[in-house]
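Notes follow the structure.
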Amino acid sequence: SATIKGDPIKIEQLKGQAYFLRAWFYSSLVNLYGPVPIINRALELGEDLSISRSTYEECIQFITEDLDSATALLPLNWEGVNLGRATKGSAMGLKSRMLLYAASPLNNLSNDAAKWQAASDAAKAVIDLNQYSLYPDYYEIFHEDNNQEVIFDVQYAFPTRTMNIEFDQNPANIDGAQGLWKPTQELVDSYEMADGKKIFDPGSGYDEQNPYINRDPRFYNSWKLL
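Residue numbering for the sequence shown follows this note's numbering, beginning at 824 and increasing consecutively.
Written out as structure tokens, the structure reads:
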């Protein structure tokens, strides 16, 4: 195989990003369709493309191995124009998520405790990086890009690429908007009361005639975002 020339640090970082992206796309496929064929080499012209699905366990192993490789090669942080690229935390966080899904009742019919332990260990490893923490303001978190709670997210470059919230969520009769984001009653009801009780719990104080009174502060902050 040809030898790649250039800055060895950049080469390693590019390899790390490639491992992460392959794991990211395979994780999306597995989450949508269940086990899929694993293809880890360039296929030849004329080669039979009828490749059988791998098992779910094989897919999870393939994804987590790629993420381990990515973790070893990626930096903890990026700066400047590189902000938003995958980091060690991104790779470790995705590994934690996939191992959690693998341990869940949907995919772990025997309730194998070892799978739960693997998911727990992976999540603890992300915490132990000491790179992330909960954002203290439930409203402002949506206004501060790349805050301390963000592990991996889409970057938007104003004004050439923005997320037009008004256009996305306003009704179609307002300047042809799309009306994509509308809260359901189920979402509204999911917010607790100020004392932490669910709205239909005995003694919660919930009043169906005044449903927006004495609710969890996050309820009102969410309201402001809509």
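All residues carry an ideal CB built from backbone N, CA and C; glycine is no exception. Computed from a prediction, not measured in an experiment: that's the story for all the values here.
For residue j and residue i, the rounded distance between their alpha carbons
i: Ala1076; j: Glu967; result: There is simply no residue 1076 to check, as the chain begins at 824 and stops at 1049 in what is shown.
i: Asn969; j: Ser956; result: 12 angstroms
i: Leu929; j: Leu923; result: 11 angstroms
i: Pro1006; j: Phe1042; result: 12 angstroms
i: Ile886; j: Asp960; result: 34 angstroms
i: Phe848; j: Phe965; result: 26 angstroms
i: Gly907; j: Gln836; result: 14 angstroms
i: Ser824; j: Ala948; result: The predicted position of Ser824 is uncertain, since its pLDDT is 44 and thus under 50; a value taken from the coordinates is nonetheless stated next. Those two C-alpha atoms are separated by around 35 angstroms.
i: Thr866; j: Ile874; result: Correcting the residue type first, residue 866 is Leu in the shown sequence and not Thr. If you take the alpha carbons of Leu866 and Ile874, they lie about 11 angstroms apart.
i: Gly903; j: Ala936; result: 43 angstroms
i: Ser1027; j: Gln954; result: 38 angstroms
i: Lys1021; j: Glu972; result: 26 angstroms
i: Glu870; j: Ser919; result: 35 angstroms
i: Leu932; j: Asp951; result: 30 angstroms
i: Lys838; j: Gln978; result: 21 angstroms
i: Glu1009; j: Asn934; result: 30 angstroms
i: Tyr1029; j: Tyr958; result: 28 angstroms
i: Asp830; j: Arg864; result: 25 angstroms
Same chain only: Cβ atoms within 6 angstroms of residue i, ignoring 5 sequence neighbours per side
i: Lys911; result: Thr894, Leu897, Leu899
i: Leu852; result: Val859
i: Ala926; result: Lys938, Trp939, Ala942
i: Asn905; result: none
i: Lys828; result: none
C-beta contact flag for residue i and residue j at 9 angstroms
i: Val859; j: Arg845; result: no
i: Ile861; j: Glu881; result: yes
i: Leu917; j: Leu890; result: yes
i: Phe975; j: Ser892; result: no
i: Val1011; j: Pro1034; result: yes
According to DSSP, residues forming a beta bridge with residue i
i: Met1016; result: Arg1038
C-beta neighbour in chain C for residue i, strict 9 angstroms
i: Gly1026; result: No chain C is part of this structure, which consists of one protein chain only.
Own chain partners of residue i with C-beta closer than 7 angstroms, once the 5 adjacent residues on each side are dropped
i: Arg1038; result: Tyr1014, Met1016, Ala1017
i: Met921; result: Ser850, Ile883, Ile886, Thr887
i: Asn1044; result: Tyr961, Tyr962
i: Ala946; result: Ser919
i: Leu868; result: none
Cβ shell of residue i (< 8 angstroms), same chain only, five flanking positions each side left out
i: Phe843; result: Asp889, Leu890, Ala893, Leu897, Ala909, Ser913, Ala914, Leu917
i: Lys1047; result: Tyr962
i: Tyr879; result: Val853, Gly857, Pro858, Ala925, Asn930
Exercise for review: Note down, one range per segment and in chain order, each alpha helix (DSSP H) of at least 4 residues found wholly within the segment 853-934.
Suggested key: 879-896, 911-926
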